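Peer 1: This is the structure, below, for whatever I ask next.
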Amino acid sequence: AEAGADVVCVDIDELAAKTTTVACEDRGVTSRAHACDVADRRAMEALAERVHDEHGVLDVVVNNAGVGMSGRLADMSLDDWEWIRSINLDGVVHGCRLFGAPMAERGRGHVVNVASGLAYLPRSTEIAYCTTKAAVLMFSRSLRADWRTCSVGVSAVCPGFVNTPILSRGRFVGPMWSPETMKLAERGFGFGHPPEAVADAVMVAIRRNRAMVAPGLEARLGWQLH
Numbered sequence: 631a632e633a634g635a636d637v638v639c640v641d642i643d644e645l646a647a648k649t650t651t652v653a654c655e656d657r658g659v660t661s662r663a664h665a666c667d668v669a670d671r672r673a674m675e676a677l678a679e680r681v682h683d684e685h686g687v688l689d690v691v692v693n694n695a696g697v698g699m700s701g702r703l704a705d706m707s708l709d710d711w712e713w714i715r716s717i718n719l720d721g722v723v724h725g726c727r728l729f730g731a732p733m734a735e736r737g738r739g740h741v742v743n744v745a746s747g748l749a750y751l752p753r754s755t756e757i758a759y760c761t762t763k764a765a766v767l768m769f770s771r772s773l774r775a776d777w778r779t780c781s782v783g784v785s786a787v788c789p790g791f792v793n794t795p796i797l798s799r800g801r802f803v804g805p806m807w808s809p810e811t812m813k814l815a816e817r818g819f820g821f822g823h824p825p826e827a828v829a830d831a832v833m834v835a836i837r838r839n840r841a842m843v844a845p846g847l848e849a850r851l852g853w854q855l856h
């Protein structure tokens, strides 16, 4: 919005989408809010049809929806795995297929997929999250190669710890998680990077057509050392 682009805001939480829309409009651009579950293929298809009817083919798509899950493999159910995969990975695929593919057909645009520094920094207590984010990173790199001849850029953003409410929508499985350890985790995220730092990295990725950017010192060092 600060760069002058009109913005379509999509969130499973309609109020959150509308709040973001107001912030965009305060910056002098047109913005629309839509409530949608990115894991729901049919809902995403309906959203894409509506957005394209109202705005035409988009110029930039940022696939940012994601959830966290902490726990060891033995403590996770298949439902846990399917839940995090459907949002963190399938949601990105839906966004690219439904909004990015028309860009490729037109021959212009840019897609940004938000992964994580944990895409390349394995953690025993974040197995499912690390796996889905690693998949997003490789999907983005492969799609970048696929769409190179269509003049559509694809970037992956792999931030370090960011101060967001991701824990409030996450799942925590296994005996290692108690009310006390949950509070410690929430407190730790409070010291994370501001979301604006990630937004700045997204703009760098688009303007410079970067394959990957890693905002945050820990994310950059992790990439160099992995």
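Okay, so the sequence shown: first residue is 631 according to my numbering, each after it adds one.
Glycine included, C-beta positions come from ideal geometry on N, C-alpha and C.
All figures in this text were calculated on a predicted structure; none of them were measured in a lab.
What separation, rounded to the nearest whole angstrom, lies between the Cα atoms of ALA663 and SER772?
Peer 2: The residue given as residue 663 occupies position 33 in the sequence shown. The residue given as residue 772 occupies position 142 in the sequence shown. Computed Cα separation, rounded: 30 Å.
Peer 1: Specify, as a first and last residue, the run of the beta strand (DSSP E) that ALA786 falls within.
Peer 2: Translated into the one-based positions of the sequence shown, residue 786 becomes position 156. 782-787 is the span of the beta strand (DSSP E), which, as asked, contains ALA786.
Peer 1: Can you tell me whether PRO845 is buried or exposed? The criterion is at least 16 other CB atoms within 10 Å of its CB, across all chains shown.
Peer 2: Taking the sequence shown and counting its residues from 1, one reaches residue 845 at position 215. PRO845 is buried by the Cβ-count criterion.
Peer 1: Is the CB-CB distance between CYS780 and TRP853 below 9 Å?
Peer 2: Position 150 of the sequence shown, counting from 1, holds the residue named residue 780. Position 223 of the sequence shown, counting from 1, holds the residue named residue 853. No, Cβ-Cβ distance for CYS780 and TRP853 is not below 9 Å.
Peer 1: How about THR755 and GLY701: do their beta carbons lie closer than 9 Å?
Peer 2: Translated into positions along the sequence shown, residue 755 becomes position 125. Translated into positions along the sequence shown, residue 701 becomes position 71. Yes, the Cβ-Cβ distance between THR755 and GLY701 is below 9 Å.
Peer 1: Taking just the CA atoms, how far does ILE757 sit from VAL784?
Peer 2: For the purposes of this step, residue 784 is taken as the residue at position 154 of the sequence shown. For the purposes of this step, residue 757 is taken as the residue at position 127 of the sequence shown. Each residue's Cα considered, the two are about 25 Å apart.
Peer 1: Give the straight-line distance between the Cα atoms of ASP689 and ALA704, rounded to the nearest whole angstrom.
Peer 2: Residue mapping note: residue 689 aligns to position 59 of the sequence shown, counting from 1. Residue mapping note: residue 704 aligns to position 74 of the sequence shown, counting from 1. Taking the straight line joining both Cα atoms gives about 43 Å.
Peer 1: When the Cα of ALA673 is compared with those of VAL640, ILE714 and VAL687, which residue comes out closest?
Peer 2: As a first step, residue 673 is located in the sequence shown; it is residue number 43 there, counting from the start. With distances taken between Cα atoms, ALA673 lies closest to VAL640.
Peer 1: Who are the Cβ neighbours of LEU719 in its own chain at under 7 Å, not counting the five residues just before and after it?
Peer 2: Translated into positions along the sequence shown, residue 719 becomes position 89. These residues qualify, in order along the chain: THR762, ALA765 and VAL766.
Peer 1: Run the CB neighbour count on GLY686, radius 10 Å, all protein chains shown included, and call it buried at 16 or more, exposed below.
Peer 2: Counting from one through the sequence shown, the residue named residue 686 turns up at place 56. It counts as exposed.
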